[in-house]
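In terms of the working numbering, the sequence shown opens at residue -17 and continues consecutively.
The beta carbon of each residue, even a glycine, is placed where N, CA and C say it ideally should be.
It should be emphasised that the depicted structure is a prediction, and the values quoted were computed from it without experimental measurement.
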Amino acid sequence: MLLLPQTSKDNALNVARRLHQLIRETKWLTADGLDIRLTASMGVAAYPVDSRTKEGLLHLADEAMYLVKNTNRDSVAAANVGILPEPPAASAESAG
-17 MLLLPQTSKD
-7 NALNVARRLH
3 QLIRETKWLT
13 ADGLDIRLTA
23 SMGVAAYPVD
33 SRTKEGLLHL
43 ADEAMYLVKN
53 TNRDSVAAAN
63 VGILPEPPAA
73 SAESAG
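Take a look at the structure:
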């Protein structure tokens, strides 16, 4: 669980997407001669737009995460929204 105080739902979704991408693109344990890649299923819920209680937020974030796990895995879902589409890949031109 990651708590982001004073963060809007849109900004929390941006953080979740960046973290998801970082986990997906990282090669783990390379110093030990391994090349392990991980994927993550993430769920996001925000106060107060999704729930006004701790229990409600945890339940909705967990529900969003399990939506990902039970469908396509390796993605991010938002409470009351569903699985988020993959962001467009950055082009070489925009990386400039």
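query	result
Assuming A22 contacts H41 (C-beta within less than 8 Å), just tell me the rounded distance between them.	At roughly 20 Å, the Cβ-Cβ gap does not stay under 8 Å, so A22 and H41 are not in contact.
At the level of alpha carbons, what is the spacing between M24 and A46?	7 Å
Who are I65's beta bridge partners in DSSP?	A59
Taking the alpha carbon of A43 as the point to measure from, which residue in K51, R34, A60 has its own alpha carbon closest?	A60
According to the Cβ coordinates, are V58 and R19 closer than 8 Å?	no
Which same chain residues end up closer than 7 Å to D32 when comparing Cβ atoms and leaving out the 5 residues on each side of it in sequence?	L39, L42, A61, N62
Are there 16 or more other CB atoms within 10 angstroms of the CB of D17, so buried, or fewer, so exposed?	exposed
Just to confirm before moving on: does the CB-CB distance between A(-6) and L4 stay below 8 Å?	no
Rounding to the nearest angstrom, what Cα-Cα distance links A74 and N(-4) in this structure?	Only weak support is given to the placement of A74: the predicted model assigns it a pLDDT of 47, under 50, and the value that follows is read from those uncertain coordinates. Using only the alpha carbons, I get a separation of about 21 Å.
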